[in-house]
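Protein chains in written order, with UniProt numbering: chain V, 1 to 160; chain B, 1 to 160; chain E, 1 to 403; chain R, 1 to 403. Report on the following structure.
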Ligand SMILES: Cc1ncc(COP(=O)(O)O)c(C=O)c1O
Ligand SMILES: Cc1ncc(COP(=O)(O)O)c(C=O)c1O
């Protein structure tokens with residue numbers, strides 16, 4: 001019954017009223033794949049898929065001078081993946097690439113139950129609301145989808 | 001422990017001193033297959049194999065005027081199959097084809113536990129000594145090998 | 001707690017649980033669990049070639065279970081019963097070995113869009129291996145493959161028809177007898193996936209006149225790890241073996257081997273005797289309850305659930321409008337709530353259902369829903385379980401969308 | 001009755017039984033039987049995709065068992081542990097899927113004449129399918145494949161070496177580490193049949209550096225119906241799946257499918273969670289006894305049996321003269337008495353041994369005996385069991401040939 005408290009006010013609020021569910025770029029085909037044509041210098045696009053449950057999100061980020069200026073997403077999925085994405089956007093906007101990568105690492109560790117130190121987890125702010133998902137491994141994939149996708153985008157970006 | 005009484009005096013005697021373990025025909029290649037060349041009008045040869053345990057016997061019978069004049073066998077195998085073959089030879093020599101077929105049917109039913117009527121089984125004479133093999137299905141194949149082979153030879157003969 | 005639940009230790013230990021995922025796997029009654037334990041305590045040994053008493057007992061346990069299964073589905077001969085791990089393996093054996101026997105390039109295999117992945121991907125593979133074509137049947141609104149649909153899709157090239165008896169999503173039962181007759185008239189061999197049928201309907205393979213019938217023990221109160229492939233002797237005898245090694249051979253030399261007779265030809269390696277004993281006990285259990293009771297209870301429960309869910313305007317039910325035609329399986333969606341969220345929130349209300357694609361992705365796309373919730377009943381469920389489900393549906397909807 | 005036998009209900013129920021057919025299957029301790037029963041009483045459900053508590057418990061049970069197995073054989077990653085039904089199935093998967101990946105026409109597969117049929121016939125089949133050649137290694141007098149023998153038989157065409165770790169007839173242990181190094185230097189992939197090794201020797205797949213390792217649960221105190229294929233990730237990832245359907249796919253459309261990640265790619269259909277739980281408990285049991293104790297006891301028993309049998313002039317023992325090199329397996333013949341008669345008459349003296357070809361016909365022919373008796377020990381056996389065996393050998397000989 002551990003999941004009861006996953007569907008808490010924070011998650012429900014982000015699910016019902018996601019602030020970041022919109023588009024940054026204009027090209028409509030950005031939705032279906034990583035399409036270099038719709039990446040401006042600043043805007044990166046990546047699709048994340050959870051094959052086992054069908055959640056799909058398209059994440060767009062606007063990075064300028066190593067700072068994440070804006071994040072937006074589109075796609076369908078369960079409340080956990082939708083809310084988790086919106087919460088993530090709130091958290092990383094205004095952060096440096098390095099800081100954002102750290103957040104994603106920390107979040108992924110938290111929901112996998114690998115990091116339980118309350119003090120460290122404090123940093124995650126509202127994302128802490130998803131902590132108990134660690135007790136429901138079948139849903140962990142929903143929660144990490146956006147974070148995983150962002151992590152890949154940013155580490156790829158750093159390499160180039 | 002039902003098998004204890006299988007290795008009774010009758011079986012041990014036929015195993016140690018088989019009266020019919022010799023050859024009727026002369027052609028040595030009669031041992032390896034049903035070879036029409038070594039079948040005289042009277043002598044029929046057939047090989048019986050129990051693949052699961054490797055028992056092999058070559059059965060030779062001499063049939064004249066519908067009467068089984070003589071039976072002989074060769075081959076290797078366990079005491080059960082060797083003794084069973086020798087006992088069978090004793091039983092069917094001098095009998096008509098029909099009678100012999102009946103004996104083989106009855107014997108096969110007995111060792112499969114399908115016929116238990118003592119009065120009927122009386123006819124089988126010494127072969128009754130193998131009755132308890134019904135409790136050890138893994139050995140039933142050893143006991144029926146010769147009987148099964150003879151049955152096939154005789155029914156084939158009747159058809160021609 | 002109803003009397004039937006009382007046979008199941010897991011129900012006694014979870015009194016508030018409404019277990020409605022029986023199509024995934026059923027729970028196990030005491031007599032099945034105990035039969036398996038007793039086997040290991042009293043008569044365990046490697047069966048078949050053992051020449052000592054325990055091995056004989058293990059062989060008897062194994063072969064008596066086979067006889068019971070043959071009788072249960074009215075197979076003509078016990079050699080037609082092949083033990084497998086589960087329905088998936090049974091279906092794979094047919095798709096491998098039967099294809100090897102009968103498929104030529106350009107031949108056609110006919111299956112339905114409703115198939116579980118286990119009766120679909122093996123045929124995709126077989127089609128690829130043999131350069132054959134995989135052709136699909138589509139159901140009507142009630143989830144039924146009509147005789148017209150079959151007749152239209154059958155061609156002189158159709159060598160194999162493989163069809164589910166009862167769909168694991170729609171609960172729809174196909175008229176196998178009728179379809180098999182049409183297929184046979186076309187010289188098409190008929191394989192049936194009975195995984196969702198045998199827990200709910202009395203199976204008579206001779207009456208159905210199918211050539212193969214596959215099912216899993218674990219969906220009919222037996223332990224996991226044991227399944228059955230029934231096949232007509234004439235085909236099993238001609239088919240090449242699938243797995244090799246162990247007890248399934250007669251003679252072996254360095255480069256070749258000859259194979260044992262049926263059913264052993266298809267049973268490689270040490271078999272799961274404990275599983276066979278468990279399946280045998282499960283059959284005893286089902287027979288002591290009786291298919292009449294099973295059908296009566298499951299139909300009533302399906303009707304209750306269907307009627308109640310139909311009253312909720314925000315709920316979509318897939319498949320026939322007649323709950324009696326669902327064999328206890330109800331697939332549905334709550335508008336505006338993802339099935340994964342539904343299933344998780346069901347769990348927090350002690351209701352166990354499944355949410356997802358139910359290993360039937362092409363069907364889900366055909367139904368245009370991608371994902372759905374599925375409540376599936378067994379005869380041991382009761383009205384309270386259904387009420388618990390319905391209450392929870394209402395709660396979840398209002399939790400997401402207000403009262 | 002010794003303390004170890006006391007852990008086994010079947011031994012408590014058969015106090016006079018000398019069970020010496022452990023190479024065929026071992027008996028099961030209480031803790032294994034109970035663990036399986038408890039699983040079905042407390043946490044049974046279909047694992048993996050369930051979104052409710054019981055399914056989560058079943059998933060945990062299933063995956064924790066996998067972790068335990070990985071640790072037990074020191075696999076680098078738990079994804080390298082594939083559940084199968086038994087060693088035979090594991091070996092078939094390698095022979096099918098690895099062959100599909102690497103074999104070209106005229107390539108060579110190398111196995112030994114000592115292989116169990118389960119590590120022989122699948123390769124005969126693979127060779128046929130791919131028009132490859134099956135080449136044999138022959139052992140020395142001690143049943144050992146020497147490095148010379150391997151070097152002589154390896155060629156640039158040798159793609160796969162599949163070898164038994166411990167022979168089920170001779171008990172001889174191959175030096176896999178050394179042989180694998182030679183094979184790898186030749187770019188030959190190494191698969192090991194560990195069915196007779198893991199009950200007796202601590203296995204470390206990284207130290208052995210084999211690419212595949214197969215074994216059965218039922219020969220190491222676990223229930224029937226569960227086995228393991230260990231494979232290095234780099235190969236498992238590239239190999240095509242074997243059985244298809246069920247949980248082993250990601251996406252499916254009408255004509256194609258993409259497969260799930262490891263280990264699920266090779267686990268089609270509902271898995272045997274009860275079996276996995278049983279195997280996990282069996283590992284706990286073996287670890288609580290400890291390989292040190294196991295080896296010490298089995299070596300002592302093997303030495304006693306070997307020494308005593310050697311004293312009898314009418315007994316031929318196959319394999320090494322050193323009983324310590326037999327891992328508790330002693331194959332022998334009594335002059336003038338067919339092994340089937342020996343086994344039956346052993347049974348009437350409450351001694352359970354096996355007589356026959358032991359699923360190793362080519363080896364039997366190589367040994368020029370066709371059939372033999374085999375006594376095989378586990379650590380729970382004791383000196384009384386061996387004395388009972390020896391007494392019975394003497395009795396049988398005199399029964400057939402006089403005193
Ligand atoms: C060396 C060896 N390999 C493989 C096997 C096959 O094991 P299973 O019958 O459990 O598949 C056995 C057991 O008989 C064996 O002894
Ligand atoms: C219709 C149908 N076919 C086949 C299967 C596969 O059964 P198993 O997973 O036991 O192999 C299932 C069960 O999921 C099913 O519902």
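Quick reminder that beta carbons are idealized off the backbone N, C-alpha and C, glycines included.
DSSP places residue 52/E outside any beta strand (DSSP E), giving it a letter other than H or E.
For residue 50/R, the neighbours in chain V by C-beta distance under 9 Å run, in chain order, 138. Pairing residue 118/E with residue 265/R, the inter-Cα distance amounts to about 13 Å.
If you check the CB distance, residue 222/E and residue 92/R do not come in under 8 Å. When secondary structure is reduced to three states using DSSP, residue 8/R falls in the coil class, being assigned neither helix nor strand. Cβ neighbours of residue 89/E within its own chain (closer than 7 Å, five residues either side excluded): 227.
Under the Cβ criterion of 8 Å, residue 332/R is not counted among the residues facing chain B. Between residue 273/R and residue 20/R, the C-beta gap is not smaller than 8 Å, which leaves the two residues out of contact.
For residue 56/V, the uninterrupted beta strand (DSSP E) segment begins and ends at 55-64. Chain-order list of chain E residues neighbouring residue 80/V: 338, 340, 341, 344, by C-beta distance under 9 Å. The beta carbon of residue 51/B sits closer than 8 Å to some beta carbon of chain E. Residue environment for residue 66/R: buried (at least 16 other C-beta atoms within 10 angstroms of its C-beta). The three-state secondary structure of residue 146/R, taken from DSSP, is coil. Within the stretch 64-75 of chain B, no residue has a Cβ lying closer than 9 Å to any Cβ of chain R.
If you draw a straight line from the Cα of residue 141/R to the Cα of residue 142/B, it comes to about 33 Å.
Its Cα nearest to that of residue 364/R, the residue 112/R stands out among 112/R, 50/R, 302/R. The residues 233, 262, 263, in chain order, have a CB closer than 7 Å to that of residue 79/E in the same chain once the five nearest residues on each side in sequence are set aside.
Put simply, of 99/V, 76/V, 102/V, 89/V the residue whose alpha carbon is nearest the alpha carbon of residue 337/E is 76/V. Taken through DSSP and simplified to helix, strand or coil, residue 371/E comes out as coil. At a C-beta separation below 7 Å, residue 244/R has these neighbours in chain E: 92, 121, 122, 125. Taking a beta-carbon distance threshold of 8 Å, residue 48/V does not count as an interface residue toward chain E. Taking 8 Å as the threshold, the shortest C-beta distance from residue 96/E to chain V does not fall below it.
DSSP places residue 322/R outside both helix and strand once states are collapsed to three, so it counts as coil.
The beta-carbon of residue 113/V is placed no less than 8 Å from the nearest beta-carbon of chain E. The beta carbon of residue 80/B sits closer than 6 Å to the beta carbons of 139, 142, 143 from its chain, once the five residues preceding and following it are set aside; these are given in chain order. Two segments are said to touch when three or more pairs of C-beta atoms, one from each, lie closer than 8 Å; by this definition the stretch 163-177 of chain R touches the stretch 189-200 of chain R.
Listed along the chain, the chain V residues whose CB falls inside 9 Å of the CB of residue 251/R are 51. Among the residues of chain V, none has a CB under 8 Å from the CB of residue 206/R; the nearest is roughly 24 Å distant. Not one heavy atom of ligand 2 is found less than 7 Å from the C-beta of residue 356/E. Within the DSSP bridge table, the entry for residue 230/R names 81/R, 213/R as partners. At least one heavy atom of ligand 1 is found less than 7 Å from the C-beta of residue 195/R. Around the beta carbon of residue 237/E, a 10 Å sphere encloses fewer than 16 other beta carbons of the protein chains shown; the residue is thus reported as exposed.
Residue 245/R sits close to residue 121/E, with the two beta carbons spaced by under 8 Å. Short of 6 Å from the beta carbon of residue 209/E, and not among the five residues preceding or following it, lie these beta carbons of its own chain, in chain order: 180. For the pair residue 10/R and residue 57/E, the CB atoms are not nearer than the 8 Å cut-off. Within the stretch 369-393 of chain R, contact with chain B at the beta-carbon level (separation under 8 Å) is assigned to 370, 371.
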